[in-house]
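Written below as structure tokens is the structure these notes are about.
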Amino acid sequence: MEYSCVQLNDLPDEILLIILKKLDNLEVLYSLQGVNERLNKIIRAPTFTSRLTFVKWSPKEVINKFSSNVIFDRFCLQILPEISMKIKWLDLESSSMKQILHSVDYPNLNGLGLYSVEKETSRSLFTGKKISIESFSFIAVQYIKLHLSFIFDYEEVVKDRKQIVDTN
761 MEYSCVQLND
771 LPDEILLIIL
781 KKLDNLEVLY
791 SLQGVNERLN
801 KIIRAPTFTS
811 RLTFVKWSPK
821 EVINKFSSNV
831 IFDRFCLQIL
841 PEISMKIKWL
851 DLESSSMKQI
861 LHSVDYPNLN
871 GLGLYSVEKE
881 TSRSLFTGKK
891 ISIESFSFIA
901 VQYIKLHLSF
911 IFDYEEVVKD
921 RKQIVDTN
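In this text, residue positions in the sequence shown follow my numbering: the first is 761, and each later residue adds one.
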């Protein structure tokens, strides 16, 4: 019986897509970015670039998906600049939010999920009916999902929420 060795590059694009769709988008981008032109083309498809979730959920909290600063820095400095035009939605948590939002412009971003955001941070992001994120560069954010991890003054948050939701 003769043995054969099949490598990732030997597989047709259709089979690669089936395999890669089973994996986490950030891991696909981080692991395969820069390997070769063929893989770069495949992983830059909207399937892997339109929604990026930088958070993972544990039973008690939402945490940053990257355990290593080296991996996170490479993502912000090398990968995001190459795919920023294709990103339509970002899910972020408070510890990584600023670096990700400042790393590049997101001209096609239309959704933003913010998790484990402190009350004061949410206040500085949202004032009245307007979103005040002047230092970040998006053109048309249509949806923002905000999850507060700590609510110290429920009445104040409800009042702030009414101001944000109120369209009058």
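Think of the CB as a built atom: it goes at the ideal place given N, C-alpha and C, for glycine as much as any other residue.
Straight-line Cα distance separating residue j from residue i
| i | j | result |
| --- | --- | --- |
| Ile831 | Pro841 | 15 Å |
| Asn800 | Thr809 | 12 Å |
| Gln838 | Ser844 | 11 Å |
| Ser863 | Lys825 | 17 Å |
| Ile775 | Val766 | 13 Å |
| Ile847 | Asp770 | 29 Å |
| Gln859 | Ser764 | 45 Å |
| Met857 | Arg798 | 31 Å |
| Asp865 | Ser855 | 19 Å |
| Leu786 | Pro867 | 20 Å |
| Glu878 | Asp784 | 27 Å |
| Asp773 | Lys782 | 15 Å |
| Ser828 | Pro819 | 21 Å |
| Ala805 | Trp817 | 26 Å |
Proximity of residue i and residue j at Cβ, strictly below 9 Å
| i | j | result |
| --- | --- | --- |
| Tyr875 | Leu861 | no |
| Leu780 | Ile803 | yes |
| Leu777 | Thr807 | yes |
| Val815 | Gly873 | yes |
Min CB distance residue i to chain D below 9 Å
| i | result |
| --- | --- |
| Gly873 | Checking the listed chains, one finds no chain D in this structure; it contains a single protein chain. |
Contact set for residue i: own chain, Cβ-Cβ below 6 Å, skip 5 residues either direction
| i | result |
| --- | --- |
| Trp849 | Arg811, Gly871 |
| His907 | Because the pLDDT at His907 is just 48, under 50, the model does not fix this residue reliably, and the value given afterwards should be weighed accordingly. The residues are Tyr875. |
Residues near residue i in its chain [Cβ-Cβ closer than 8 Å; skip 5 each side]
| i | result |
| --- | --- |
| Tyr790 | Ile831, Arg834, Phe835, Ile839 |
| Asn725 | What the structure shows of the chain is the stretch from 761 to 928, and residue 725 is not part of that stretch, so it cannot be assessed. |
7 Å Cβ shell around residue i - same chain, five flanking residues per side excluded
| i | result |
| --- | --- |
| Leu792 | Leu799, Ile803 |
Open item on the list: Please give the ranges of any beta strand (DSSP E) in the segment 799-854, keeping only runs that are unbroken, at least 3 residues long and fully inside the region.
Closed with: The segment 799-854 contains these whole beta strand (DSSP E) runs: 811-813, 815-817, 822-824, 849-853.
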